[in-house]
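Trainee:
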Amino acid sequence: MRSDKVRQHFNTAAQAEWERLDSSEYFRLIYRLHLAFIEEELAEKPRVLDAGSGPGRYALEFAKRGCAVTLCDISDGELRLAEEKFGENDLSAERFVQADLRDLSAFPDGAFDLTVCYGAPLSYITEDREKAVSELVRVTRRGGTVAVSVNNTWGILRNLLGKTDENFFANGEYWHINEVIETGDCPSFESVQFGGDTAPEKHFFQPDELTDVLKKAGLTDIELGAAPCLCSGSRSQYNELAENPAAKAQIEELELKCYRDKNMVGFGDFLLAKGVKI
Ligand SMILES: C[S@@+](CC[C@H](N)C(=O)[O-])C[C@H]1O[C@@H](n2cnc3c(N)ncnc32)[C@H](O)[C@@H]1O
């Protein structure tokens, strides 16, 4: 039932999802930091699973770099758009597979060198999340890398402050703020952001919590990051500053210096994490 709701939500959001990561300098910065986080792994031209691929912004980049890419997502609408985008770019993927991350039985053990689950698919899984993480690890070969990004409690609140969204802050119950801070769990709510639609329930992570989940699933050498880091919460200011190419380059350099700092990783809109399969 719940996965149906997520699938339906993303089926109607495919085009918006495609546009999101290229919609402003702020989102392009988020995109570049996600790629920077796995730059070393991508240099090896790995076999990649893009799990929760959406319309394939990251998968397309992996394919452009010569990786053999497989996409999977619970939303058939997102996957259809991804196929179109691959066609338009004259690129091919190994497979486009509709699947729930909690059941990746379409793939054998150890099928991928790198499994990427970016843009918070795990935050949309509110039941049996551990099963999803263990599936991501199962389909990755020993010594391979699993990289994820999830939504982060403090980072998302900073982001909302930066949007100066009165609908949000003038109504304490609107987004169950206290519940989210205490448990990380945000129940389904009427969303202004989604045009009055009901937003699916979500889980927001803290860095220690995500590290534990990944370790329990069989990953070691966990590294964390924030995307964006310094700029989280300053969306419009960054967009304005980035109109000046020198300022944009300087800020990006600063972001790259700090986004993996252990004191900063809990403050991004997205919490990045990667680990090596034992
Ligand atoms: C915010 S989008 C991110 C898409 C893409 N990875 C990106 O960063 O642009 C989250 C994606 O996770 C997918 N998703 C959510 N729950 C899922 C599940 N249980 N199994 C597979 N995919 C899921 C959604 O359908 C959606 O395409």
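Here the sequence shown is numbered in our numbering, starting from 345 and rising by one per residue.
Note that the Cβ used here is the ideal one computed from N, Cα and C, for glycine as well.
(1) Based on the DSSP secondary-structure assignment, which residues constitute the bridge partners of L568?
(2) Compute the distance between the beta-carbons of H378 and Y462, then report whether it is under 8 Å.
(3) Return the chain-ordered list of same chain residues with a C-beta closer than 6 Å to the C-beta of R341, the five sequence neighbours on each side being excluded.
(4) Relative to ligand 1, is the shortest distance from any of its heavy atoms to the C-beta of G612 smaller than 7 Å?
(5) May I have the straight-line CA-CA distance separating F538 from Q442, to the nearest angstrom?
(6) Are the region 566-580 and the region 603-620 in contact at 8 Å, needing three or more beta carbon pairs?
(7) Can you list, in chain order, the residues of its chain whose CB lies under 6 Å from that of K618, leaving out five sequence neighbours each side?
(8) Please tell me whether, using a cut-off of 7 Å, the distance from the CB of A464 to the nearest non-hydrogen atom of ligand 1 is below it.
(9) Please go through the same chain and pick out, in chain order, the residues whose beta-carbon is closer than 6 Å to the beta-carbon of V536, but skip the five residues on each side of it.
(10) Would the beta-carbon of S419 be found less than 7 Å away from any heavy atom of ligand 1?
(11) Hey, which unbroken runs of the alpha helix (DSSP H) at 4 residues or more fall wholly within the region 397-421?
(12) Can F430 be considered in contact with ligand 1, in the sense that its beta carbon sits closer than 7 Å to one or more heavy atoms?
(13) What do you get for G431, buried or exposed, if any count of 16 or more other CB atoms within 10 angstroms of its CB means buried?
(14) Between which residues of its own chain and I382 is the CB-CB distance below 6 Å, once the five residues before and five after are set aside?
(15) Rounded to whole angstroms, what's the CA-CA distance from G410 to E474? Just pull it up for me.
(16) Roughly how many angstroms separate the alpha carbons of N607 and W362, rounded to a whole number?
(17) What residues in its chain sit with their C-beta under 8 Å from that of Q352, if we drop five residues either side in the sequence?
(18) Compute every distance between the C-beta of V396 and the non-hydrogen atoms of ligand 1, then say whether any falls below 7 Å.
(19) Less than 8 Å between the beta carbons of P465 and L445, yes or no?
(20) Label T542 either buried or exposed according to how many other C-beta atoms from any shown protein chain fall within 10 Å of its C-beta, with 16 as the threshold for buried.
(21) What are the complete beta strand (DSSP E) segments, minimum 3 residues, inside the region 441-514?
(22) Do V490 and ligand 1 come close, with the Cβ less than 7 Å from some heavy atom?
(23) If distances are taken between C-alpha atoms only, which option among D552, I622 and K592 comes closest to L616?
(24) Could you spell out the range, first to last residue, of the alpha helix (DSSP H) harbouring L435?
(25) Out of curiosity, what's the CA-to-CA distance linking V680 and A403?
(26) Taking contact to mean at least 3 C-beta pairs separated by less than 8 Å, is the region 517-531 in contact with the region 586-594?
(27) Ligand 1 and D444: does the residue's C-beta get closer than 7 Å to at least one heavy atom of that ligand?
(28) If you follow the alpha helix (DSSP H) that R624 is part of, which residue opens it and which one closes it?
Mentor: By the coordinates alone:
(1) Answer is A617, bridged to L568.
(2) Result yes, Cβ atoms of H378 and Y462 sit closer than 8 Å.
(3) The first residue shown for the chain is 345 and the last is 622, placing residue 341 beyond what the model contains.
(4) False, no ligand heavy atom lies under 7 Å from that Cβ.
(5) Any reading at F538 is ruled out, since the residue's pLDDT is 47, under 50, leaving its predicted position unreliable.
(6) Touching, yes.
(7) The answer, listed in chain order, is T489, A491 and E567.
(8) For ligand 1, at least one heavy atom lies less than 7 Å from the Cβ of A464.
(9) Summary for V536: the model assigns pLDDT 49, below 50, so the residue's position carries little reliability, and this model does not support an answer.
(10) Distance from the C-beta of S419 to the nearest heavy atom of ligand 1 is below 7 Å.
(11) Taken in chain order, the whole alpha helix (DSSP H) runs of length 4 or more contained in the region 397-421 are 401-408.
(12) Flag unset: Cβ of F430 not near ligand 1.
(13) By the 10 Å Cβ count, G431 comes out exposed.
(14) A491, listed in sequence order.
(15) Counting only the Cα atoms, E474 lies some 31 Å from G410.
(16) Answer to the nearest angstrom: the Cα atoms are 32 Å apart.
(17) Cβ neighbours of Q352 beyond the five flanking positions: none.
(18) The identity of residue 396 in the sequence shown is Gly, whereas the question assumes Val. Indeed, a heavy atom of ligand 1 lies less than 7 Å from the Cβ.
(19) Remark: C-beta atoms of P465 and L445 approach each other more closely than 8 Å.
(20) Exposed: under 16 other Cβ atoms inside 10 Å.
(21) Here the runs fully enclosed are 456-461 and 484-495.
(22) The closest heavy atom of ligand 1 lies 7 Å or more from the beta carbon of V490.
(23) Per the Cα distances, D552.
(24) Element bounds for L435: n/a, residue is neither H nor E.
(25) The structure shown does not extend to residue 680, since the chain is modelled only from 345 to 622, so the question has no answer here.
(26) No, the region 517-531 does not touch the region 586-594.
(27) Yes - ligand 1 has a heavy atom lying nearer than 7 Å to the Cβ of D444.
(28) As shown, the chain starts at 345 and ends at 622. That puts residue 624 outside it, with no answer to give.
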